[in-house]
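Novice:
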Amino acid sequence: MITKTTLPNGVRVVMQRMPDFRSVSMGVWTQAGSVYETAQEAGISHFIEHMLFKGTQKRTAQDIAAEMDALGGNLNAFTSKECTCFYAKVLGEHIGKSADILADLVHAPKLDAEDIEREKGVVCEEILMTEDTPEDLVHELIAAQVYGDTPLAKPILGTESSVRALSADMLRGYMQRRYVSEKTVIAVAGNLEEKATLELLTPLFGVKDAKDAAPMPKSALHKGRALKAVEKDIEQVHICLGLPGFPSDTPEQYALHALNNVLGGSMSSRLFQSIREQRGLAYSVYSYPSAYSDSGYFTLYAGTGEKQAAQVVALMLDELRRLQKEGVSQTELTRAKEQLKASYIMGQESTSARANAIGKAEIRGGKLRTEEESIALIEGVTMAHVQGIIPIVCDLDNLHGAFVGRMTKKEKEIETMILNA
Numbered sequence: 056m057i058t059k060t061t062l063p064n065g066v067r068v069v070m071q072r073m074p075d076f077r078s079v080s081m082g083v084w085t086q087a088g089s090v091y092e093t094a095q096e097a098g099i100s101h102f103i104e105h106m107l108f109k110g111t112q113k114r115t116a117q118d119i120a121a122e123m124d125a126l127g128g129n130l131n132a133f134t135s136k137e138c139t140c141f142y143a144k145v146l147g148e149h150i151g152k153s154a155d156i157l158a159d160l161v162h163a164p165k166l167d168a169e170d171i172e173r174e175k176g177v178v179c180e181e182i183l184m185t186e187d188t189p190e191d192l193v194h195e196l197i198a199a200q201v202y203g204d205t206p207l208a209k210p211i212l213g214t215e216s217s218v219r220a221l222s223a224d225m226l227r228g229y230m231q232r233r234y235v236s237e238k239t240v241i242a243v244a245g246n247l248e249e250k251a252t253l254e255l256l257t258p259l260f261g262v263k264d265a266k267d268a269a270p271m272p273k274s275a276l277h278k279g280r281a282l283k284a285v286e287k288d289i290e291q292v293h294i295c296l297g298l299p300g301f302p303s304d305t306p307e308q309y310a311l312h313a314l315n316n317v318l319g320g321s322m323s324s325r326l327f328q329s330i331r332e333q334r335g336l337a338y339s340v341y342s343y344p345s346a347y348s349d350s351g352y353f354t355l356y357a358g359t360g361e362k363q364a365a366q367v368v369a370l371m372l373d374e375l376r377r378l379q380k381e382g383v384s385q386t387e388l389t390r391a392k393e394q395l396k397a398s399y400i401m402g403q404e405s406t407s408a409r410a411n412a413i414g415k416a417e418i419r420g421g422k423l424r425t426e427e428e429s430i431a432l433i434e435g436v437t438m439a440h441v442q443g444i445i446p447i448v449c450d451l452d453n454l455h456g457a458f459v460g461r462m463t464k465k466e467k468e469i470e471t472m473i474l475n476a
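In our numbering, the protein residues as written are 56 to 476.
#1: Residues in its own chain within less than 8 Å of lysine 278 by CB, not counting five upstream and five downstream?
#2: Please give the ranges of any alpha helix (DSSP H) in the region 89-126, keeping only runs that are unbroken, at least 4 residues long and fully inside the region.
#3: Does the contact criterion of 3 or more C-beta pairs under 8 Å hold for the region 92-108 versus the region 148-158?
#4: On a CA-only basis, which of Thr60, Phe141, Gly128, Ile430 is nearest isoleucine 400? Give me that one, please.
#5: Would you tell me roughly how many angstroms separate the C-alpha atoms of isoleucine 57 and serine 407, rounded to the nearest one?
#6: Confirm, please, whether the CB-CB distance from valine 448 to leucine 298 is below 7 Å.
#7: Please state whether the Cβ-Cβ distance between cysteine 414 and valine 218 is less than 7 Å.
#8: Buried or exposed: which applies to valine 177, given that a residue is buried once 16 or more other Cβ atoms fall within 10 Å of its Cβ?
#9: Run through the DSSP bridge pairs and tell me what methionine 81 is partnered with.
#10: Between Pro63, Val83, Met73, which lies nearest to glutamate 417 when the distance is taken from Cα to Cα?
#11: By DSSP, does phenylalanine 353 sit in helix, in strand, or in coil?
#12: Using the DSSP secondary-structure output, state which residues sit across from isoleucine 294 in a beta bridge.
#13: Taking one C-beta from the region 353-361 and one from the region 289-305 each time, how about it: are there three or more such pairs within less than 8 Å?
#14: Contact defined as beta carbons within less than 8 Å: I believe valine 292 pairs with isoleucine 330. What is the distance between those atoms, to the nearest angstrom?
#15: By Cβ distance below 7 Å, which residues in the same chain neighbour serine 89 in space, the five residues on each side in sequence not counted?
#16: Rounded to a whole number of angstroms, what is the C-alpha to C-alpha distance between glutamate 169 and tyrosine 142?
#17: What is the rounded straight-line gap between the Cα of glycine 230 and the Cα of alanine 439?
#18: Roughly how many angstroms separate the alpha carbons of isoleucine 469 and alanine 357, rounded to a whole number?
#19: Give the DSSP-derived three-state secondary structure of asparagine 64 in the structure shown.
#20: Taking only beta-carbon positions, decide if methionine 106 is within less than 7 Å of chain D.
#21: For glycine 228, is the classification buried or exposed, using 16 other Cβ atoms within 10 angstroms of its Cβ as the cut-off for buried?
#22: In the DSSP assignment, what are the bridge partners of isoleucine 57?
#23: Roughly how many angstroms lie between the CA atoms of alanine 476 and threonine 389, to the nearest whole one?
#24: Is the distance from the Cβ of isoleucine 433 to the Cβ of tyrosine 309 below 7 Å?
#25: According to DSSP, is leucine 212 part of a helix, a strand, or is it coil?
#26: Is serine 321 helix, strand or coil when you go by DSSP?
#27: CB-CB under 8 Å to proline 27, same chain, minus the five flanking residues each way: which ones, in chain order?
#28: When the Cα of methionine 73 is compared with those of Glu404, Thr471, Ala268, which residue comes out closest?
#29: How many angstroms separate the CA atom of isoleucine 171 from the CA atom of methionine 106?
#30: Could you say if the region 316-330 and the region 361-380 meet the contact criterion of at least three C-beta pairs nearer than 8 Å?
#31: Please go through the region 345-431 and give each complete beta strand (DSSP E) segment of 3 or more residues, from N-terminal end onward.
#32: Mark glutamine 112 as exposed unless 16 or more other C-beta atoms lie within 10 angstroms of its C-beta, in which case mark it buried.
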């Protein structure tokens with residue numbers, strides 16, 4: 056069972072007791088991500104994530120690492136477009152110590168000026184690493200294409216110039232606006248006692264003043280067709296096609312995940328079989344949905360040689376048209392649902408996975424679902440549900456393309472295919 060409690064200052068605590076496990080995982084979620092950033096603040100959410108590990112008012116960076124290692128646990132964080140999460144996984148007996156460390160990170164960071172300047176170099180190298188990793192870069196490009204000039208188009212890492220311009224005052228100001236009680240969720244799963252856990256968390260997370268942060272800005276998918284190509288002297292061309300999808304926690308998401316498995320989400324999928332197995336045109340070819348609070352999109356990806364890039368794009372478009380015309384078979388749908396169930400169940404067989412699932416759902420304002428409820432929703436996907444979303448997902452009038460590689464000879468041919476699809 057999943058329980059939810061709101062502390063007096065507005066912090067929400069969601070918990071799931073898993074008595075058969077020896078570990079406990081805890082995440083501190085806050086609504087701080089790239090969608091909230093101004094142009095001058097680009098990358099600040101991710102930069103703060105880095106800085107909170109550099110020391111607090113009572114712990115040095117080395118103290119943080121040593122204390123967590125002494126527990127035999129794991130401590131880490133991630134930043135997404137809509138939120139930031141700091142999380143720890145330890146044995147159940149060490150839940151108090153891990154909670155104290157997490158609270159110290161988010162409530163009392165040192166934000167030392169010298170540390171900030173040094174970390175700018177680290178983050179700028181991370182930005183350059185993305186630029187030098189064409190598969191990562193093409194996924195950034197398709198998000199920017201799909202969302203146009205709306206907030207979800209912004210890269211999480213920011214730019215070198217925006218990161219270099221960050222200051223301690225900017226970091227503190229942003230945290231005062233975004234790291235507020237009413238926009239904070241504590242998610243805990245594993246070997247815990249709910250009453251004792253609440254008594255532990257309340258003095259650590261329940262004392263900060265509740266302040267109302269600005270609401271999440273709205274984003275919308277860019278209408279029409281568009282293409283973005285980045286020339287790089289590399290051996291492969293990396294291709295992404297972007298199409299409309301659905302927001303998170305909507306009924307259509309389950310049908311889309313099933314459709315994704317049929318099209319490109321597995322080794323038996325149509326894209327994998329057509330492009331890799333039957334023709335040997337690519338090693339990596341797949342599709343995936345991306346979902347956010349108010350919108351979502353669907354991506355097809357392939358990495359291939361320059362000479363066959365246009366052929367691969369044509370085959371990807373052929374499979375989309377085939378979906379429009381023929382839909383999916385009952386055999387494909389049954390297989391896709393079994394794949395989804397197995398993937399979900401195996402993916403939830405850890406306390407960290409459950410803490411992540413309930414934390415993400417709560418910070419996004421979605422429904423907290425048990426494993427049984429989620430499985431029932433997967434099993435409930437029907438042929439009518441899948442057929443109903445195909446006209447939306449395969450809407451070639453709103454097709455976007457992103458390409459990275461040596462495109463000089465093929466770009467015009469591919470652009471013509473995209474714009475005339």
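All C-beta atoms in this analysis are idealised placements derived from N, C-alpha and C, irrespective of residue type, glycine included.
For clarity, every value in this text was computed on a predicted model and none was experimentally measured.
Specialist: With the given structure in hand:
#1: As a working mapping, residue 278 is identified with position 223 in the sequence shown. Closer than 8 Å at the Cβ level, and outside the excluded window around lysine 278, lie Asn453.
#2: 99-106, 116-125
#3: By the Cβ test, the region 92-108 is not in contact with the region 148-158, since fewer than three Cβ pairs between them sit closer than 8 Å.
#4: Counted from its first residue, the sequence shown places residue 400 at position 345. That would be Ile430, whose Cα lies nearest to the Cα of isoleucine 400.
#5: Residue 57 sits at position 2 when you count from the first residue of the sequence shown. Residue 407 sits at position 352 when you count from the first residue of the sequence shown. One C-alpha to the other measures close to 15 Å.
#6: Working through the sequence shown from its first residue, we reach residue 298 at position 243. Working through the sequence shown from its first residue, we reach residue 448 at position 393. Closer than 7 Å, so yes.
#7: Indexing the sequence shown from 1 puts residue 414 at position 359. Indexing the sequence shown from 1 puts residue 218 at position 163. The sequence given here places glycine at residue 414; cysteine does not occur at that position. Contact flag unset, no.
#8: Residue 177 sits at position 122 when you count from the first residue of the sequence shown. Under this definition valine 177 is an exposed residue.
#9: Locating residue 81 in the sequence shown gives position 26, counting from the first residue. DSSP output for methionine 81 lists Ala143, Val243 as bridge partner(s).
#10: Translated into positions along the sequence shown, residue 417 becomes position 362. When only C-alpha atoms are compared, the closest one is Val83.
#11: Numbered from 1 along the sequence shown, position 298 holds the residue referred to as residue 353. In the three-state DSSP reduction, phenylalanine 353 falls in the strand class (E or B).
#12: If you number the sequence shown from 1, residue 294 lands on position 239. Looking at the DSSP assignment, isoleucine 294 forms a beta bridge with Ala357, Phe458.
#13: yes
#14: Working through the sequence shown from its first residue, we reach residue 292 at position 237. Working through the sequence shown from its first residue, we reach residue 330 at position 275. Their Cβ separation, rounded to whole angstroms, is 13 Å, which puts valine 292 and isoleucine 330 out of contact at 8 Å.
#15: Reading the sequence shown from its first residue, position 34 is the one you call residue 89. Counting only Cβ-Cβ distances below 7 Å, and skipping sequence neighbours, we find Ser100, Lys136, Lys209, Pro210, Ile211.
#16: Translated into positions along the sequence shown, residue 169 becomes position 114. Translated into positions along the sequence shown, residue 142 becomes position 87. C-alpha separation (whole angstroms): 26 Å.
#17: As a position in the sequence shown, residue 230 is number 175, starting the count at 1. As a position in the sequence shown, residue 439 is number 384, starting the count at 1. In the sequence on display, residue 230 carries methionine and not glycine. About 46 Å.
#18: Here residue 469 refers to the residue found at position 414 of the sequence shown. Here residue 357 refers to the residue found at position 302 of the sequence shown. Between the C-alpha atoms of isoleucine 469 and alanine 357 there is a straight-line separation of about 14 Å.
#19: Numbered from its first residue, the sequence shown carries residue 64 at position 9. Here asparagine 64 sits in coil by DSSP.
#20: Absent from the structure is chain D; it holds one protein chain and no more.
#21: If you number the sequence shown from 1, residue 228 lands on position 173. Exposed, by the Cβ-count rule.
#22: Along the sequence shown, one-based indexing puts residue 57 at 2. In the DSSP output, where bridge partners are listed per residue, isoleucine 57 has Gln71.
#23: Reading the sequence shown from its first residue, position 421 is the one you call residue 476. Reading the sequence shown from its first residue, position 334 is the one you call residue 389. About 30 Å.
#24: To locate residue 433, count along the sequence shown from 1; it is residue 378. To locate residue 309, count along the sequence shown from 1; it is residue 254. Cβ distance < 7 Å, so isoleucine 433 and tyrosine 309 count as in contact.
#25: Residue numbering aside, residue 212 sits at position 157 when the sequence shown is read from its first letter. In this structure, leucine 212 counts as coil in the three-state DSSP scheme.
#26: One-based indexing of the sequence shown puts residue 321 at position 266. If DSSP states are grouped into helix, strand and coil, serine 321 belongs with coil.
#27: The structure shown has nothing for residue 27, since the chain only spans 56 to 476.
#28: Counting from one through the sequence shown, the residue named residue 73 turns up at place 18. Checked all of Glu404, Thr471, Ala268; the closest Cα to methionine 73 is Glu404.
#29: Along the sequence shown, read from residue 1 onward, the residue named residue 171 stands at position 116. Along the sequence shown, read from residue 1 onward, the residue named residue 106 stands at position 51. Roughly 7 Å between the two C-alpha positions.
#30: yes
#31: 351-360
#32: Translated into positions along the sequence shown, residue 112 becomes position 57. Looking at its Cβ environment, which holds fewer than 16 other Cβ atoms inside 10 Å, glutamine 112 is exposed.
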